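Read in this note's numbering, the sequence shown has 819 at position 214, and its numbers run on one by one without any break.
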Amino acid sequence: MHTEIMSLNVGPQHPSTHGVLRLVVDMDGEYVIKVTPHMGYLHTGFEKTFENRTYQQGVTYAPRTDYLHCFGHELAYVLGVEKLLQAEVPERATIIRVILHELGRIHSHLVFVGTGMLDLGALTPFFYAFREKEALQDLFESVCGYRMNQGYFRVGGLSRDIPEDWPARVSVFLEQFEKGVTEYENLFANNPIFLDRAKGVGVIPRDVALDLGLTGPNLRASGVALDHRKANPYCGYENYQFDVPVSTAGDSLARFQLRLLEFRESAKIVRQALKMLKPGPVKDPNRKISLPPRHELETSMEAVIHHFKLVTEGFHPPVGEVYVPVESARGEVGYYIVSDGGSMPYRVKIRAPSFVNLQALEYACVGSQFADLITILATIDPVLGDVDR
Numbered sequence: 606m607h608t609e610i611m612s613l614n615v616g617p618q619h620p621s622t623h624g625v626l627r628l629v630v631d632m633d634g635e636y637v638i639k640v641t642p643h644m645g646y647l648h649t650g651f652e653k654t655f656e657n658r659t660y661q662q663g664v665t666y667a668p669r670t671d672y673l674h675c676f677g678h679e680l681a682y683v684l685g686v687e688k689l690l691q692a693e694v695p696e697r698a699t700i701i702r703v704i705l706h707e708l709g710r711i712h713s714h715l716v717f718v719g720t721g722m723l724d725l726g727a728l729t730p731f732f733y734a735f736r737e738k739e740a741l742q743d744l745f746e747s748v749c750g751y752r753m754n755q756g757y758f759r760v761g762g763l764s765r766d767i768p769e770d771w772p773a774r775v776s777v778f779l780e781q782f783e784k785g786v787t788e789y790e791n792l793f794a795n796n797p798i799f800l801d802r803a804k805g806v807g808v809i810p811r812d813v814a815l816d817l818g819l820t821g822p823n824l825r826a827s828g829v830a831l832d833h834r835k836a837n838p839y840c841g842y843e844n845y846q847f848d849v850p851v852s853t854a855g856d857s858l859a860r861f862q863l864r865l866l867e868f869r870e871s872a873k874i875v876r877q878a879l880k881m882l883k884p885g886p887v888k889d890p891n892r893k894i895s896l897p898p899r900h901e902l903e904t905s906m907e908a909v910i911h912h913f914k915l916v917t918e919g920f921h922p923p924v925g926e927v928y929v930p931v932e933s934a935r936g937e938v939g940y941y942i943v944s945d946g947g948s949m950p951y952r953v954k955i956r957a958p959s960f961v962n963l964q965a966l967e968y969a970c971v972g973s974q975f976a977d978l979i980t981i982l983a984t985i986d987p988v989l990g991d992v993d994r
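This is the structure in structure tokens:
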């Protein structure tokens, strides 16, 4: 019997591709036999731009790579440069970084839940998730003035300290947020229609996940308990008590449920960090790395010179290369930075988790129905800025 293969274009304008991703899908009736992702519609050239900006200016570009978990990329970048410089980051700055890193993870997973359920035809969860998302962005805005693409971290610390009432506002948000997570679980996580759409769909076995280089919730849903906050602790994560949720099912339901579990673990980390927060500086005291305070410029010629040199030229890390992995909402993100001793990086290469995770799409989709492709893509959770860079 002769079968005619039909090729469909999905995207780059289709809302279910979560950005400008184009998929060429070969279909045999309702069943997928091949998926070819076409990337590059959001290519920004950030990696080359980094090489033509001072190290401190690079902070502007890092969060725009993953615009849902901005603080993940910011943190990976500044930790890499600080390792080159051997910078001393004050304890208060490190704790604030952890708080924002975890709040950023929550923010990203909220968008995942809202838009993922929207892809499956459930409109209500989108509004529930965005209720918490907006409250969270209010907190981001009060810290640095931006709701997205914050650029708040600096090499050596933070751009400025947090407002005095901010920790109390975070505590209030966490109480509201955890009630919201319970609502999500009651509303749709056990909904029979959702379970039919997600259970056993897009299974990625453990060995395939490892071969493809998956990281983050997509890898942990396949039974590999890799989390760089535990495996390669940074920012003092070894001092926090939290669990790494793992599943062995490897299907779309497991990938969804893991992110719900990570909500509570991130909230647990933020609560611990708030208790550890003490008054103190938020910038490296080394004037060759951090800008001097404004009041010093009025009385110190040396401060004026440091300010002028840092603003016009920037600092010069020693010759070397560095890579620091960070656990973002999507998996391992890291910046491979090569210094030739100048004021700008010689080479910057971003290890972007969405780019690597997208490899699993064809494996997970082949043999499934077309409607399942939308479910699988949603639970892989790519961000196209992260893919194209």
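Note that CB positions come from ideal geometry on N, CA and C, so glycine has one too. No experiment lies behind these values; they were computed from the predicted model shown.
When DSSP reads this structure, Gly925 sits in a beta bridge with Ser944. Lys883 and Arg697 have their C-alpha atoms roughly 6 Å apart. With fewer than 16 other Cβ atoms from the protein chains shown falling within 10 Å of its own Cβ, Ala773 counts as exposed. Here Gln755 is buried: its Cβ has 16 or more other Cβ atoms, across all protein chains shown, within 10 Å.
Using a Cβ distance threshold of 9 Å, Gly919 and Gln691 do not count as a contacting pair. With fewer than 16 neighbouring CB atoms inside 10 Å of its own CB, Asp816 falls in the exposed class. Taking C-beta separations shorter than 6 Å and ignoring five residues to either side along the sequence, the partners of Leu715 in its chain run Ala734, Glu737 and Lys738, following chain order.
Here Gly761 has Ala692, Lys888, Asp889, Ile894 and Ser895 as same chain residues with Cβ atoms under 6 Å from its own Cβ, once five neighbours each way along the sequence are excluded. Glu932 carries a strand assignment under DSSP once its states are collapsed to helix, strand and coil.
Contact check for Thr820 against Val961 passes: the beta carbons are separated by less than 9 Å. If the five residues before and after Glu656 are omitted, its C-beta is found closer than 8 Å to the C-beta atoms of Met949, Pro950, Tyr951, Arg952 and Val953, all from its own chain and listed in chain order. Between the stretch 626 to 640 and the stretch 960 to 975, the count of Cβ pairs shorter than 8 Å is three or higher; the stretches touch. Between the C-alpha atoms of Tyr757 and Gly677 there is a straight-line separation of about 12 Å.
If you look at His643, you'll find it in the beta strand (DSSP E) that goes Tyr636 to His643. In the structure shown, Val938 falls within a strand segment according to DSSP collapsed to helix, strand and coil. Excluding its 5 nearest sequence neighbours in each direction, Ser827 has C-beta neighbours in its own chain below 6 Å: Ile809, Arg811, Ala814 and Gly855, listed in chain order. Annotation for Ala740: Phe778, Gln781 and Phe782 place their beta carbon closer than 8 Å to its own, counting only its chain and skipping 5 residues before and after. In the structure shown, Gly841 falls within a coil segment according to DSSP collapsed to helix, strand and coil.
According to the DSSP assignment, Arg697 belongs to the alpha helix (DSSP H) that extends over Glu696 to Asp724. Take Gly685, set aside five residues on each side of it, and the residues of its chain with a beta-carbon closer than 6 Å to its own are Val927, Val929, Tyr940 and Ile942, in chain order. Leu628 and Ile979 have their alpha carbons spaced roughly 11 Å apart.
Look at Ser764 here: in three-state DSSP terms it is coil, with no helix or strand label.
Here Leu989 is not near Met632, since their CB atoms are 9 Å or more apart.
Of the residues assessed, Asn823 falls on the buried side of the cut-off, its CB having 16 or more other CB atoms within 10 angstroms. In chain order, Ser871, Ile874 and Val875 place their CB closer than 7 Å to the CB of Glu707, counting only its own chain and leaving out the 5 sequence neighbours on each side. Rounded to the nearest angstrom, the gap between the Cα atoms of Ala957 and Met906 is 43 Å. Per the DSSP secondary-structure output, Lys888 pairs in a beta bridge with Gly762. Exposed is the label assigned to Phe732, since fewer than 16 other Cβ atoms lie within 10 Å of its Cβ. A distance of 9 Å or more separates the beta carbons of Phe651 and Met722. By the CB criterion at 9 Å, Leu613 and Ala983 fall outside the cutoff.
Take the alpha-carbon of Leu866 and the one of Leu647: they are about 31 Å apart. About 20 Å separates the CB atoms of Ile700 and Ala934; that is not less than 8 Å, and the two are not in contact.
In the DSSP assignment, Ile979 falls within the alpha helix (DSSP H) that extends over Phe975 to Ile985.
The Cβ atoms of Thr649 and Thr622 lie no closer than 9 Å to each other. Nearest Cα to Asp743 within the set Arg765, Arg759 and Val775: Val775.
DSSP, read as helix, strand or coil, puts Asp993 in helix.
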